[in-house]
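Chemist: Position 188 of the sequence shown, counting from 1, maps to 188 under full-length UniProt numbering, and the rest follow consecutively.
Even for Gly, the Cβ is constructed at its ideal location relative to N, Cα and C.
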Amino acid sequence: MTNKAPARALISRRAFEQNVAVVRHHTTSKLMAIVKANGYGHGVELIAQWAWEAGIDWLGLAQLNEALALRQTHTHGHILAWIFAPGSDFQRAIEQNIDLSVGATWAIDEIAAAARACGRPARIHIKVDTGMTRGGFDLDQLPSVFARVKALAAEGIVDIIGLWSHLACADDPRSDAATTEQVECFEAAREYARQAGVTIPLCHLAASSGILWHPQTHYDMVRPGIVLYGLSPNPQCATASDLGLEPLMTLEADVILTREVPSGVGVSYGHTHITDQPTRLAVVPVGYADGISRHASNTLSVTLNGDQAPIRGVVCMDQFVVEAPTAQAGDTAVLFGPHKHGYLTADDWAEKTDTINYEIFCNLGPRIPRIPVD
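1. Give the DSSP-derived three-state secondary structure of Gly156 in the structure shown.
2. How big is the Cα-Cα spacing for Glu260 and Ala329?
3. Rounded to the nearest angstrom, what separates Glu66 and Gly264 at their Cα positions?
4. Assuming His42 and Tyr229 are in contact, meaning their beta carbons sit under 8 Å apart, how far apart are those beta carbons, in whole angstroms?
5. Mind checking who Val222 pairs with in its DSSP beta bridge?
6. For Ser301, tell me which candidate among Ile311, His76, Ser175 and Gly266 has the shortest Cα-Cα distance.
7. When the distance is taken between beta carbons, is His125 closer than 9 Å to Gly162?
8. With burial defined as no fewer than 16 other Cβ atoms inside 10 Å of the residue's Cβ, what is the status of Met317: buried or exposed?
9. Along the alpha helix (DSSP H) that carries Asp348, what are the first and last residues, could you check?
10. Using a Cβ-Cβ cutoff of less than 8 Å, which residues in the same chain neighbour Phe137 once the five nearest sequence positions on both sides are dropped?
11. Do you know offhand how far Asp99's Cα is from Pro6's?
12. Do Val284 and Ala333 have their C-beta atoms within less than 9 Å of each other?
13. Can you grab the Cα-Cα spacing for the pair Leu202 / Trp58, in whole Å?
14. DSSP state of residue 375, grouped into three classes?
15. Residue ranges of each alpha helix (DSSP H) run of no fewer than 4 residues wholly in the segment 116-164, ordered along the chain?
16. Please check the pair Thr217 and Val183, which I expect to be a contact at CB under 8 Å, by giving their CB distance rounded to whole angstroms.
17. DSSP has Gln308 in a bridge; who is on the other side?
18. Taking 8 Å as the cut-off, is the beta-carbon of Tyr40 closer than that to any non-hydrogen atom of the ligand SAM?
19. Are there 16 or more other CB atoms within 10 angstroms of the CB of Trp235, so buried, or fewer, so exposed?
20. I need the boundaries of the alpha helix (DSSP H) containing Gln182, first residue and last residue.
21. Excluding sequence positions up to five away, which residues of its chain have a Cβ less than 8 Å from the Cβ of Asp307?
22. Helix, strand or coil: how does DSSP classify Gly244 here?
23. From the DSSP output, read off the bridge partner residues of Cys203.
24. Decide if Pro86 is buried, meaning its Cβ has at least 16 other Cβ atoms within 10 Å, or exposed.
25. Might you give, ordered along the chain, the residues of its own chain that have their beta carbon closer than 7 Å to the beta carbon of Tyr192, omitting 5 neighbours on each side?
26. How would you write the range of the beta strand (DSSP E) that Leu335 sits in, first residue to last?
27. Does DSSP classify Val20 as helix, strand or coil?
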């Protein structure tokens with residue numbers, strides 16, 4: 001007999017394939033599947049393999065360490081990493097064919113030194129800050145940057161693969177002003193490259209919002225993230241259903257105990273809920289250590305036996321309590337999943353816990369196994 005996890009995240013391959021089709025309906029550009037943060041909490045190895053099998057041969061991971069870890073099992077295709085500190089193991093990254101973003105002069109220096117040490121060129125993507133005011137070179141730095149990387153390329157120290165940036169306000173399709181300014185800035189960066197005689201094989205600017213609502217940002221490659229996982233980047237403007245997307249994840253847990261209680265009983269830490277009638281309570285074995293927000297306390301519900309069972313009392317580290325008159329030990333409680341099945345969605349959880357849908361997925365902890373289905 002194998003141990004059954006008390007809580008599980010079911011990840012739908014069919015939904016992933018549907019979402020890839022939606023992205024391809026919006027663009028003919030190459031796709032880089034963004035699988036950072038453990039595939040937005042869905043399981044990076046699983047999503048990377050599905051992406052490859054769907055014909056996506058570029059993957060994006062924020063941190064270099066997560067890119068190196070994925071390369072151990074995902075030996076094919078291209079992987080781009082863009083967050084690393086001075087002193088990182090760039091030689092190992094180059095040897096393992098990880099593309100590296102450069103958006104600071106120290107990064108060029110250290111990556112070039114690592115390439116010399118290992119005797120093979122580093123594959124680089126030059127990042128420009130077009131208006132995010134976060135990472136990347138400013139426009140006025142680009143003439144010297146392009147001169148430097150052109151010289152390094154002539155030495156065989158770097159291969160210049162891409163020029164890229166990130167959009168700040170693309171998730172509002174009703175307002176193009178900021179995005180238009182960023183496109184103009186990106187075009188200026190491309191012109192600096194042309195003037196320097198630097199050929200850029202891949203220009204990429206758009207993530208999920210740009211793919212959906214700003215076709216002028218698509219260029220050679222786009223970087224779908226949240227849309228691949230079946231959620232809208234701005235559900236206030238267009239829901240996942242409106243966009244033809246389907247969430248991959250259904251988060252469920254098995255009831256481990258039920259008890260009958262009279263009126264007037266306090267529930268969980270601090271007795272923030274007092275029963276107002278005789279009822280049945282059920283214990284659900286997942287908590288804030290697993291990424292279930294304490295803001296869900298006395299606020300949200302789970303789907304149990306086809307009904308909504310409200311959370312009573314505070315969410316604890318490993319468990320919480322719901323009011324469920326028909327529940328039995330072993331019944332399955334669904335925290336969130338596709339709306340078409342009658343479940344609350346990650347968007348519902350995000351709204352009630354004062355966050356965004358991205359965080360609902362990304363916060364899920366390692367105790368919850370990600371299980372592929374269909």
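Modeler: With the structure as the only source:
1. Note: Gly156 maps to coil in three-state DSSP.
2. 13 Å
3. Straight-line Cα distance between these residues: approximately 50 Å.
4. 6 Å
5. Bridge partners of Val222 according to DSSP: Leu31.
6. Ile311
7. When the beta-carbon positions are compared, Gly162 and His125 come within less than 9 Å of each other.
8. Exposed, because fewer than 16 other Cβ atoms sit within 10 Å of the Cβ of Met317.
9. Ala346 to Lys352
10. Gly103, Ala104, Ile126, Lys127, Val128, Asp129 and Val145
11. 39 Å
12. yes
13. 12 Å
14. Since the displayed the chain opens at 1 and closes at 374, residue 375 lies outside it and no answer follows.
15. 142-155
16. Right, their Cβ atoms sit about 6 Å apart.
17. Thr303
18. Among the components of this structure there are no ligands whatsoever, and the ligand SAM is therefore not found.
19. The amino acid at residue 235 is misidentified as Trp; the sequence shows Pro. Buried: at least 16 other Cβ atoms inside 10 Å.
20. Ala177 to Ala196
21. Ala324 and Thr326
22. Coil.
23. Leu163
24. exposed
25. If we look at Tyr192 and ignore the five residues flanking it on each side, its Cβ neighbours are Leu142, Pro143 and Phe146.
26. Thr332 to Phe336
27. helix
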